[in-house]
Structure formats: structure tokens, C-alpha cells
Amino acid sequence: MKIQIKIYINGKRSILEVKEGTVLKEILTNLDSSLLDKYAGAWSEDRFVDFYETINKEGEYYLIQFDDPRALPAMWHTTSHIMAQAVKRLYNVNLAIGPSIEEGFYYDMEKDEPFTDEDLSAISREMERIIESNYEIEHSMIPKEEAKNLFSDNKFKLELVNEIEDDSVSIYKQDEFFDLCRGPHLLSTGKVKAFKLLSVSGSYWRGDEIRESLQRIYGISYPDNKTLDEYLYRYEEAKKRDHRKLGKSLDLFKIYEDTGPGLVLWHPKGTIIREIISNYWREEHIKRGYQLVTTPHIAKADLWKKTGHFEYYREKMYIFEIDGVEYVVKPMNCPNHILIYKNKIRSYRDLPIRLAELGTVYRNERSGVLHGMLRVRGFTIDDGHIFCREDQVSSEIGDSVDFAFDIIKTFGYENFVVQLSVRDPEHKEQYAGSDKEWENAEASLIKALYERGIEYIKEEGEAVFYGPKIDISMKDILGRKWQGPTIQFDFNLPRRLGLTYIGEDGKEHMIYMIHRALLGSMERFVGGLIEHYNGNFPAWLAPIHIRILTVTDEGNEFAEEIHKKLSEEGLRTELDLRNEQLSKKIRDAETEKIPYMFIIGRREVKSGTLSVRHHQEGDIGSFKLEEITSRLKEEIKQRR
RNA sequence: GCCCAUGUAGCUCAGUAGGUAGAGCACAUCCUUGGUAAGGAUGAGGUCACCGGUUCAAAUCCGGUCGUGGGCUCCA
């Protein structure tokens, strides 16, 4: 049977009559075989299809080139096969799975000895050979029974084959290598122009630690060397910006072995940053009608039994005993805020009530997941809880979204990814709350995003059981995503703890409760901020604003005078009167990423001015004290 | 928690076939008073993560513990 398909090549449309069941590759070969060299695959119905695609129905196919971000996963997947082929040629391994990932690919393999750096080099060399050989990649569908024979020596592949529901399975083959694989793939191994194997690590078959322990090699590839180099530059740059490294060299914080893993000690300079953020946070909350509260670090276990946390969250809680009574170190702040809400009978006139706290909590995270300040066991959440009526939900959500963006934009984040997590429509029964509540809540979340023209990704089934939520992540300069604000409904706690208010009708009504955190945790937020700014904090956040450097000791007296004046004006200043050369003092201040350096030598003493150097701009000229301080103060005020 | 790697002066790291440790930076003292990213000399500083074992002898070999890193996994 003939069907009609439309192929778009560089915006130009070709309408073709083809036989049903024809492979896209054949169609293109007939049309113009050079297309197979220029394009990587096609975009059709919101997904990437490779040229092995069998055309079974009418449709539109937009050919896309190798460097199109939508085509890169095919290249990565192909590179992972090339790598697996190379590994099979060199070692005795059992292949598990090797998908493309967000950036790059990996392959999990079972091998007795771990891979070394030398192994990686050898594998890379073999991969080069495979690429040079430019093996044609073939695709075929084979009966399941045949596949079982083909993979009879590989328990992993067999397990996968057995789980496939169709009668036939998809196989990709290049030279002697073949693999069970859904694709997509490129047409030949030579299409991969530049690749790099990045790291080796352990993993488990199916991510299950009870099952076979595997070895994973990660890699990346691109259609040209330039793009690969750009990626590698970003990769290296990210390593250099590591907040653990900068936290140490800038003396911001440290995790001490004596204190314990996942517990951060904020040094004086880190604490300045934290305090500035906290103060800003408090001011903004008060401005926006929040009431600040403070609640203790420990509470009776009974409280957590009432909320249900004790049952579900127990292994993450630190539990201990006082006078024979069980206590818990708080892993979250909400129960305490709820107690404050419940302390009085609330009228509909009192609502909304917004409570907020920079509340420090402790969670027993598994040792293997701890990571610098980004994943810790003790951290301060900027926790807020809104208690409101149904008719207030929409404006409260809208305000929270605005608030969230206002805050994070202040820290120089400009690109965001917004995710809306809603119920799994297939399993509505596993969620707390009524249909009506879910519908209202989702509608208000969507409305808030829509009215603000915010693009978002809707994830069905990603909501936690107690309510729908919006998660905002920030993208930093290197394009990395950082978890940011979250706004979540909670239909569970109000029910369990009986959170009500007295309505206009004199009756009790269930409250709507919204959890929201804007920074997330202070630790993770500042950790991310360190990497985002690469330690070059804008003046308002910089632990030290100015370092005063003297050229010789003739400047000491004047320098001390300036230092005193600046300190009196609330500017954070340090003096460097060491008997060192100016260039040395500059180097030290530059290394410490201090935004301003005031240089005082004989000339300045004589004229009463200051020679000013900016951390990132170099020498910016001579200024009168008032001139430069007002500039700096303005910069701080503007939070630039 | 699991797999793999790793743990030497405040920091970054060297230490090659087991014979009780080195460098650079930082620090201290002295010399140098030098104008926009490292002036010079001298010196102090380490129970080589911890515990145990093998050995005449352990930073080095073996076992265990703890920490850290890369992953897996988890995230009410």
C-alpha cells in the first residue's frame, strides 16, 4: 500500500509517495543519497527518528543535522556502541546497558578487574580504529527466540529480551559487534568525529545494589572537534569552580572530620555571606506579609508520629531519649509551624497566615550521597508555610511565584527551568486530598505560570503524594541546573492534624496549606552560588569589600585613617601593611577575589586621593574617598 | 548503605625494590621601602587518618575502622 509522507529538508518540503514499510534510509537514498551524509536523522511528531525508521503511516519528517541538539543523543548512543565494541575486542566483559544520557553516554559492563586510566587510553585507541574503519551500522528486527540464542551467553541481555513484550526485538550491528538496542543510531561508525572517555565508576545492574556490581565508563562525543573542545572546556571550568575547592581557598567553610560528615562549619567569611542572604531574606519576607517564627531543633517523637513522618521518614531521623521520652532532631519545620497555627481558633478574617523561618534541620542522609555543601546532613531551610482559604489559593500561589523569581534573580540567575508536578491520572487513589482540592491546586499553579508567561514542563505522576508542586531550577553560566525554589500544596497534614478555620458561615473549614522554600537550603544555595559566581561575589555579598594596600610604609598612617573611615561607614575593609612589594599584595588580593583594592603610596598621601583597582577590571584610576565610597555603596545597595 | 579509588606539614603535592620523611606556597625572623598578579635569606612546622598484624625494621606489605572523591541509589 502506498502512503504519502512529507520530508522537510532545510525548510523545503518534498511530498513523496512511498510503499508502506519502507525504511527512511531507502527513501532518502532514492531522493538524494548525499542527504545521508548531511543529516543525522529526522524530527517527527516530537521525537527523533533515525534513518532506520520504518515508515508505516503518513507523517512529516524534518531532517536535522548532526549538530542539532535533538540529534546528539543518536551520536552518543552510537559512540557508546563503538566503545562497547572496543572494550569487547580488548577485554573479557559482559555488556549490560549503554544508553545516551543528558550529556554524553555510558556503558555498564561486568568485568573482574576495574578499568584503569591506561585501559581508557587503550579503549580510546581501539575506538579510533573502529571510527576510521567506518563500519556501516545495520538495523534489524529479529524474533525474540532468535535473540535469546544470540545473547545466550549474556544474562543481562537475556533478562532484557525476556522483558520485551513484542515478538521481535531490535538489533543494531556494526562489523562483528551487535547489540540489543532500541536506537536511535547514526548510519556508520565514521559519523562520530570527536569523542572523549571521561570517567570510570561503579554501578549496579538495574541500579540495584543487591544485584551484580558493574563498571561504568562515561564519555561524550560531538560531530566536530570544536564542539568537543567547548564541552571539555566547560567540564574543566566546572571542576575549577567546585565550591569545595573555592570554599577552602577563599576560607568560607569547612566540613571537619571531628564534627562529622555532612556537617558544615561556616567560617567567618562564609558566615558574612550567609548573614547577608539571611537578612535580605528576612526583610523581603516581612515586606510580603510573612510573620517570622523560631522553633527548636528537637521535639518529642510523638509530634512526628502525629504527622506521619515518624513512620515514613524514620530512617532519616535522629532519634534519642530524654528522661525516658523519645525525641527527634527535627528533619523539617512544618509541624512546629502547624502548632503555631493551631494555637488559636482561626477566623476566615485572619487568613492568609504566612509563617516563615530559617530553620535548621538534620536528616540522616546515606553516607554515599554526601557532597560538599550540596548534600549535607545538617542544613538550614528557608521554610515558609502559607495557610489560606480556597479563594485565596490563586493569589497566594501567584505571589509566591513572583517572590521566588525576585529572590533568585537578585543572585544573578537569568535562566530557569520550571517543572510542574501533578498526579498520575491513572492512580488518583494513591494521593492524599480530594479531587476538588487537586483540581483547584493544579489550576492555580497553571494559572500563575500562564499569567506570567512562564514556560514549564508538566510532569504527570511526579507529584508527591500529598500535593502538586512547582519546582524552579536555575541555570548557571555553564548551563548547569541548580535546584531552586519549590512551591508545594499539602493536603495531608491539614487532615492529619485538623487544620481548620471558622468560615463566614460559622462552620469549620479545611485549610489549604502551602509549603514553599525559595533558596532551598542555605548550604546548597550558597554552594551553588559559589560556583555560579566562581567565587567572584558581587560587592553586596563579598565577605570583604576593600583591601587597602600600601606601597611602602610611608602610606601606613593614611591607610589606617582610610580604613577607620570606611569601617565607620559599614564597609568591610582589610588593611595590608605588610612589608611586601605592591605587586605581591595585589596578587594576594586578586587571588582572594576581593572586589576593590585601594592603593596608597607617596602620591596618594600627598594628594589625599586613592588609586583604585577593581578585581576584574584592573586599575580604574584615582578617586576621592567620597567619590569611590558612594560608588561602592550604590553598588551594594543595588545588589549588583 | 554498596562498588571502585583515595587519605603524607595550614594548603597543593613528591616519596621510586619495606631501613623512623621531602618540595613549593602559607607562617616567623632578618634584609629589602619596592607603584598595579609572587624581591631575597634564614627558620619553625609532620606519632605519614586511626587501630591491629607481618617483620630485626612499616608512610611503604596485610586486615579492620574512620574520612574524602567518582558513581549507584534515595529524596515526605
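Sequential numbering of the first sequence, starting at 498, is according to this note's numbering.
For every residue, glycine included, the Cβ atom is placed at its ideal position computed from N, Cα and C.
None of these values were measured; they are calculated from a predicted model.
Which of helix, strand or coil DSSP assigns to residue i
{"i": "residue 927", "result": "helix"}
{"i": "residue 796", "result": "strand"}
{"i": "residue 1110", "result": "strand"}
{"i": "residue 629", "result": "helix"}
{"i": "residue 1084", "result": "helix"}
{"i": "residue 916", "result": "strand"}
{"i": "residue 903", "result": "helix"}
{"i": "residue 974", "result": "coil"}
{"i": "residue 661", "result": "coil"}
{"i": "residue 780", "result": "helix"}
{"i": "residue 855", "result": "strand"}
{"i": "residue 889", "result": "helix"}
{"i": "residue 751", "result": "strand"}
{"i": "residue 1037", "result": "coil"}
{"i": "residue 1075", "result": "coil"}
{"i": "residue 557", "result": "strand"}
{"i": "residue 874", "result": "coil"}
{"i": "residue 1026", "result": "helix"}
{"i": "residue 1125", "result": "helix"}
{"i": "residue 1020", "result": "helix"}
Spatial distance of residue i from residue j (CA atoms)
{"i": "residue 526", "j": "residue 656", "result": "37 Å"}
{"i": "residue 1067", "j": "residue 788", "result": "28 Å"}
{"i": "residue 838", "j": "residue 828", "result": "19 Å"}
{"i": "residue 1112", "j": "residue 616", "result": "43 Å"}
{"i": "residue 530", "j": "residue 741", "result": "52 Å"}
{"i": "residue 750", "j": "residue 871", "result": "13 Å"}
{"i": "residue 719", "j": "residue 523", "result": "26 Å"}
{"i": "residue 845", "j": "residue 808", "result": "33 Å"}
{"i": "residue 980", "j": "residue 866", "result": "16 Å"}
{"i": "residue 517", "j": "residue 500", "result": "6 Å"}
{"i": "residue 681", "j": "residue 923", "result": "29 Å"}
{"i": "residue 1027", "j": "residue 705", "result": "34 Å"}
{"i": "residue 920", "j": "residue 988", "result": "13 Å"}
{"i": "residue 734", "j": "residue 1090", "result": "17 Å"}
{"i": "residue 884", "j": "residue 538", "result": "52 Å"}
{"i": "residue 911", "j": "residue 1034", "result": "16 Å"}
{"i": "residue 1115", "j": "residue 1128", "result": "16 Å"}
{"i": "residue 1050", "j": "residue 1081", "result": "15 Å"}
Member of the options whose CA lies at the smallest distance from the CA of residue i
{"i": "residue 528", "options": "540, 537, 514", "result": "514"}
{"i": "residue 708", "options": "652, 695, 736", "result": "652"}
{"i": "residue 1069", "options": "736, 1054, 1043", "result": "1043"}
{"i": "residue 685", "options": "826, 590, 572", "result": "572"}
{"i": "residue 991", "options": "844, 512, 1008", "result": "1008"}
{"i": "residue 1015", "options": "781, 724, 749", "result": "781"}
{"i": "residue 856", "options": "755, 982, 1018", "result": "1018"}
{"i": "residue 873", "options": "1023, 911, 1118", "result": "1023"}
{"i": "residue 626", "options": "785, 583, 609", "result": "583"}
{"i": "residue 835", "options": "882, 522, 506", "result": "882"}
{"i": "residue 1104", "options": "1119, 831, 623", "result": "1119"}
{"i": "residue 610", "options": "723, 1100, 923, 589", "result": "589"}
{"i": "residue 888", "options": "848, 669, 503", "result": "848"}
{"i": "residue 637", "options": "676, 630, 606", "result": "676"}
{"i": "residue 1130", "options": "1063, 897, 1077, 1117", "result": "1063"}
{"i": "residue 660", "options": "642, 671, 672", "result": "642"}
{"i": "residue 774", "options": "930, 908, 702", "result": "908"}
{"i": "residue 468", "options": "783, 696, 868, 1029", "result": "Residue 468 is absent from the structure shown; the chain starts at 498 and stops at 1137."}
{"i": "residue 658", "options": "678, 1075, 670", "result": "678"}
Inter-residue CB distance, residue i and residue j (contact presumed, cutoff 8 Å)
{"i": "residue 941", "j": "residue 894", "result": "5 Å"}
{"i": "residue 639", "j": "residue 683", "result": "Contact flag wrong, Cβ pair sits at about 21 Å."}
{"i": "residue 965", "j": "residue 939", "result": "5 Å"}
{"i": "residue 476", "j": "residue 578", "result": "Absent from the structure is residue 476, since the part of the chain shown begins at 498 and ends at 1137."}
{"i": "residue 728", "j": "residue 717", "result": "6 Å"}
{"i": "residue 826", "j": "residue 815", "result": "4 Å"}
{"i": "residue 850", "j": "residue 843", "result": "7 Å"}
{"i": "residue 711", "j": "residue 605", "result": "4 Å"}
{"i": "residue 853", "j": "residue 880", "result": "7 Å"}
Any non-hydrogen atom of the ligand SAH within 7 Å of residue i CB
{"i": "residue 701", "result": "No copy of the ligand SAH occurs in the structure displayed, which carries no ligand at all."}
ask   = For the segment 937 to 952 against the segment 993 to 1003, are there 3 or more C-beta pairs whose distance is under 8 Å?
value = no
message = Three or more C-beta pairs under 8 Å: does that hold for the segment 600 to 611 against the segment 543 to 555?
response = no
query = Per the contact definition of three or more C-beta pairs closer than 8 Å, is the segment 1076 to 1094 in contact with the segment 1038 to 1056?
reply = yes
query = Within the chosen definition, does the segment 910 to 925 reach the segment 954 to 972 through at least 3 CB pairs nearer than 8 Å?
reply = yes
query = Quick one: any contact between the segment 753 to 773 and the segment 793 to 810, if contact means 3 or more CB pairs under 8 Å?
reply = no
task = Could you tell me whether the segment 556 to 571 touches the segment 642 to 650, where touching means 3 or more Cβ pairs closer than 8 Å?
result = no
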